[in-house]
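S.K.: Sequences listed follow chains H and A, in order.
Going by our numbering, the letters in the first sequence line up with residues 1 to 433, in that order.
Going by our numbering, the letters in the second sequence line up with residues 434 to 677, in that order.
For glycine and all other residues, C-beta sits at the position ideal for the given N, C-alpha and C.
Handing you this structure, nothing more for now.
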Amino acid sequence: MKLYDMIRMGNSNLWRNKSRTFLTILAIFIGAFTIMMTTGINTGVNNYIDRQVAAVGSEDYLQVMPAQMAEQFESLMSGSNEVREYKPEDNSTTSQILTDEDITKIESVDGIDSAKFYTMVTTDYVANGQDGATKYQMNASVMPTASMKLDLAAGSDLDMDNDEAQIVLPDKYVKPLGFASNEDAVGKTIKIGATSQVTQQTDEAEVKIVGVQNASVVGMGSAWMNDKAGQLIEDITMAGLPQEYRNQANAIVAQLDKDHISEEAASKVKEQLEDMGYSSMTLTDTVSMIKSFFDAITTVLTIFGAISLLAAAIGIINTLYMSVQERTREIGLMKAMGLSRAKIFGMFSLEAIALGFWGGIIGLAVAFIARAIVNPLASRTFLASLPGFTLIEFNPLYLLIIVLIVMAIAFLAGTLPARRAANKDPIESLRYE
Amino acid sequence: MPKNNTVISIRNVTKIYGHGDSSVTALNGVNLDIKRGETLAIVGKSGSGKSTLAHILATLDQPTSGEVVIDGKNSAKLPRRVVNRLRNRTFGFVFQQFYMNSRDTVLNNVMLPMVIAGVKPSTRRKRAMEALKTVELADKVKSKANDLSGGQKQRVCIARAIVNNPAVIFADEPTGNLDSATGDVIQKLLFDLNRTKGITLVIVTHDMELAAKCDRQIHIKDGQIIDESQDATDSVKSAKGDRK
């Protein structure tokens with residue numbers, strides 16, 4: 001028997017009992033579809049993160065923290081029950097606060113160009129330069145590195161070293177602040193309000209808009225300031241605090257020099273910092289942390305899909321056992337007419353593979369339909385704040401692999417009934433009632 | 434007797450089913466030569482071992498001991514692939530219960546042995562049509578097997594049996610499920626094939642009239658050939674004598 005005839009017969013035999021075959025394919029479809037969708041969402045999320053990172057594009061800085069703090073953070077996350085002995089040098093101030101001394105130490109590391117405190121400021125509101133203008137809540141952060149690229153709708157990037165206080169404003173603030181357009185806002189001076197941690201007094205700093213930024217997930221809608229603007233805000237929030245307080249932080253931003261931007265070189269710098277008692281992360285590390293979080297979620301969903309595929313495989317075994325039973329006399333006849341064991345095994349295996357194939361193909365078709373429906377819906381509703389985020393993205397290669405895996409599972413499930421068919425004795429089978 | 438004149442030859446064949454106390458001896462030291470182009474009837478009561486003998490002759494079953502020689506070759510020593518091809522090309526089968534795929538068309542049923550043989554689709558169709566013309570059912574080619582009468586079904590089965598141009602047709606009670614008029618048509622068809630194409634016929638039956646039309650009858654009782662007769666009248670007489 002030719003392979004073509006085996007495929008043809010296997011496929012046409014499937015449709016002898018339509019409802020049974022349909023239900024088996026339905027079970028396979030559910031498993032295949034679930035896995036395809038979770039893979040699609042995973043690809044969508046990862047692609048989005050990658051695009052955002054590519055847009056930000058600064059791989060040339062490290063965020064440095066005291067190692068102890070990173071450790072504590074980790075043990076908090078993993079819920080460690082360990083009780084540690086206290087040593088004087090472990091006191092939370094020396095072990096968690098970074099000072100000028102640390103900056104000097106970090107700057108001495110080979111491969112690090114410069115280092116500065118990571119300034120964490122809290123702003124309260126933004127208002128137009130005119131007196132009595134409406135105030136709007138806004139959070140503004142100091143940009144960690146000059147090399148960070150923002151997706152600008154108008155204007156230019158921040159000049160980090162400029163003595164002028166500068167800000168890049170998210171585009172959503174342009175209209176409320178009374179500017180006619182993005183271009184109109186550029187060059188205007190606005191007021192940023194902040195409150196002292198000690199005196200509770202609210203004060204304002206004047207900053208100049210140099211650019212308007214398109215909405216993006218990076219910064220989560222916050223405005224970006226240069227170092228000078230950051231200092232002005234710090235002056236307000238730290239009013240009443242001793243000067244020493246301003247020369248320390250929980251984190252340091254270390255700029256890598258040009259020769260150490262590659263992942264390999266950066267990891268060497270990280271090793272050196274680790275030996276010195278610091279923990280450091282590149283943007284890639286942060287991104288891979290976010291990604292591994294999404295990966296974990298999609299892995300769980302994929303496991304659910306795999307479980308339903310397992311149930312479907314049992315369905316295949318059951319369907320084909322029934323099919324072998326029903327066609328006992330036909331098997332006997334074909335064996336009498338000289339069809340070999342291997343070919344009979346092949347015929348039933350191909351039937352199983354056909355079940356897997358149709359389940360996978362229907363899963364594929366429905367997945368594409370689901371994508372066409374879900375993506376526009378998602379970007380109108382819960383992803384409206386994340387422009388450019390397509391929730392479900394299909395990688396054709398992955399989908400092909402999923403279909404092939406489903407077919408392989410179907411084949412494996414089919415080997416049991418196919419073996420039973422192949423081992424049948426022709427005479428006994430012909431006598432079967 | 435020259436070797437090439439014998440299609441199938443069995444020597445001292447014994448078939449025992451089961452083991453120990455519950456074992457049943459279906460055949461006990463049977464010797465038989467089937468000559469090319471002859472018509473042979475295997476006669477016996479049910480449980481006599483006649484079906485077992487036919488199955489062993491057709492290589493559908495293997496003897497517990499003894500030799501089955503087909504075209505001068507010991508079938509036990511042939512690879513399974515060769516035996517399968519032998520059953521596909523050299524033998525044709527006609528059964529009492531027809532064994533057709535009732536939901537499939539007449540054409541597909543007739544083409545099955547050629548599908549198994551791996552014959553090209555265009556050749557399949559041509560040869561199936563020729564075989565259906567031989568059994569005078571060319572007009573039913575597209576009908577579903579289920580829509581045919583019993584006699585028509587058996588004619589389709591004969592078409593299926595001859596489609597690979599076999600040397601031997603094994604017919605197991607070919608008229609057993611048919612009324613005598615249609616049974617006669619089937620008998621005539623089988624003997625015509627023997628005459629015109631020289632196909633050897635091995636017919637398993639308990640119908641004495643059908644057996645009498647064959648060149649030779651062998652009677653099986655308790656797993657042994659008890660009577661072998663070349664003369665039709667004698668055999669009928671002895672069969673009648675058996676019944677008394």
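Take the Cβ of Ile-28 of chain H as the centre, count every other Cβ of all protein chains shown within 10 Å, and call the residue buried at 16 or more, exposed below.
M.R.: buried
S.K.: How would you call Thr-608 of chain A, buried or exposed, if buried means at least 16 neighbouring beta carbons within 10 angstroms?
M.R.: buried
S.K.: Run through the DSSP bridge pairs and tell me what Tyr-450 of chain A is partnered with.
M.R.: A:Val-457
S.K.: Can you name the residues of chain H whose CB is closer than 9 Å to the CB of Asp-494 of chain A?
M.R.: Asp-425, Pro-426, Ile-427
S.K.: Whose C-alpha, out of H:Glu-204, H:Asn-42, H:Tyr-4, H:Trp-358, is nearest the C-alpha of Leu-391 of chain H?
M.R.: H:Asn-42
S.K.: Name, going along the chain, the residues of the stretch 638-654 of chain A whose beta-carbon falls closer than 9 Å to a beta-carbon of chain H.
M.R.: none
S.K.: At the level of alpha carbons, what is the spacing between Leu-14 of chain H and Ala-153 of chain H?
M.R.: Approximately 59 Å, taken between the alpha carbons.
S.K.: Which value, in whole angstroms, describes the spacing of the CA atoms of Met-533 of chain A and Asn-610 of chain A?
M.R.: 14 Å
S.K.: Under the three-state reduction of DSSP, which class applies to Ser-379 of chain H: helix, strand or coil?
M.R.: helix
S.K.: How would you call Ala-336 of chain H, buried or exposed, if buried means at least 16 neighbouring beta carbons within 10 angstroms?
M.R.: buried
S.K.: State the CB to CB distance for the pair Tyr-173 of chain H and Val-126 of chain H, rounded to an integer number of angstroms; the pair is presumed to be in contact (CB under 8 Å).
M.R.: 6 Å
S.K.: Could you list which residues in chain A have their beta carbon closer than 7 Å to that of Ala-336 of chain H, in chain order?
M.R.: Leu-493, Arg-520, Phe-526
S.K.: With 16 as the cutoff for other CB atoms within 10 Å, does Phe-293 of chain H come out buried or exposed?
M.R.: exposed
S.K.: Check whether the Cβ of Lys-291 of chain H lies closer than 8 Å to any Cβ atom in chain A.
M.R.: no
S.K.: Does the separation of the CB atoms of Ile-316 of chain H and Lys-424 of chain H fall below 8 Å?
M.R.: no
S.K.: Say whether chain A places a C-beta atom closer than 8 Å to the C-beta of Arg-419 of chain H.
M.R.: No, no contact with chain A.
S.K.: Determine, for Met-1 of chain H, whether the minimum Cβ-Cβ distance to residues of chain A falls below 8 Å.
M.R.: yes
S.K.: Just the chain H side, please: which residues come within less than 8 Å of Tyr-450 of chain A by C-beta, in chain order?
M.R.: By Cβ distance, chain H contributes nothing, its closest Cβ being about 11 Å from Tyr-450 of chain A, past 8 Å.
S.K.: Strictly below 8 Å CB to CB, what residues from chain A border Ser-340 of chain H?
M.R.: Arg-513, Arg-514, Asn-517
S.K.: Within 10 angstroms of its Cβ, does Arg-513 of chain A collect 16 or more other Cβ (buried), or is it exposed?
M.R.: exposed
S.K.: Just to make sure I have the definition right: I need the residues of chain H whose C-beta is within less than 7 Å of the C-beta of Asn-534 of chain A. Which are they?
M.R.: Within chain H, the residues whose beta carbon sits less than 7 Å from that of Asn-534 of chain A are Glu-330, listed in sequence order.
S.K.: Closest Cβ-Cβ distance between Gly-551 of chain A and chain H: below 8 Å?
M.R.: yes
S.K.: Excluding five sequence neighbours on each side, which residues of the same chain lie with their C-beta closer than 6 Å to the C-beta of Ala-354 of chain H?
M.R.: Gly-10, Asn-11, Leu-14
S.K.: DSSP puts Gln-63 of chain H in a beta bridge; with which residues?
M.R.: Beta-bridge pairing links Gln-63 of chain H to H:Val-253, H:Met-281.
S.K.: Does any C-beta atom of chain H lie closer than 8 Å to the C-beta of Pro-599 of chain A?
M.R.: no
S.K.: On the three-state DSSP scale, how would you describe Val-568 of chain A?
M.R.: Coil.
S.K.: Under 7 Å between beta-carbons, which chain H residues line up against Pro-546 of chain A? List them in chain order, please.
M.R.: Met-337
S.K.: To which residues of the same chain is Gln-137 of chain H closer than 6 Å at the C-beta, ignoring the five residues directly before and after it?
M.R.: Tyr-125
S.K.: Tell me the residue span of the alpha helix (DSSP H) that contains Gln-587 of chain A.
M.R.: 583-595
S.K.: Is there contact between the stretch 303-314 of chain H and the stretch 19-35 of chain H, where contact requires at least three CB pairs shorter than 8 Å?
M.R.: yes
S.K.: Measuring straight from C-alpha to C-alpha, what distance separates Val-669 of chain A and Ile-653 of chain A?
M.R.: Note that Val-669 of chain A has pLDDT 44, beneath the 50 cutoff, so the model's placement of it is unreliable and the number below is only indicative. Their backbone Cα atoms lie some 14 Å apart in a straight line.
S.K.: Assign Val-574 of chain A to one of three DSSP states: helix, strand, or coil.
M.R.: coil
S.K.: Can a CB atom of chain A be found closer than 8 Å to the CB of Leu-14 of chain H?
M.R.: no
S.K.: Would a check of beta-carbon distances place Leu-350 of chain H closer than 8 Å to chain A?
M.R.: no
S.K.: So which residues on chain A does Leu-386 of chain H lean against when the C-beta distance must stay under 8 Å?
M.R.: Chain-ordered listing is empty here: chain A has no CB closer than 8 Å to the CB of Leu-386 of chain H, the nearest sitting near 56 Å.
S.K.: So Ile-447 of chain H is in the beta strand (DSSP E); what residue range does that whole segment cover?
M.R.: Absent from the structure is residue 447 of chain H, since the part of chain H shown begins at 1 and ends at 433.
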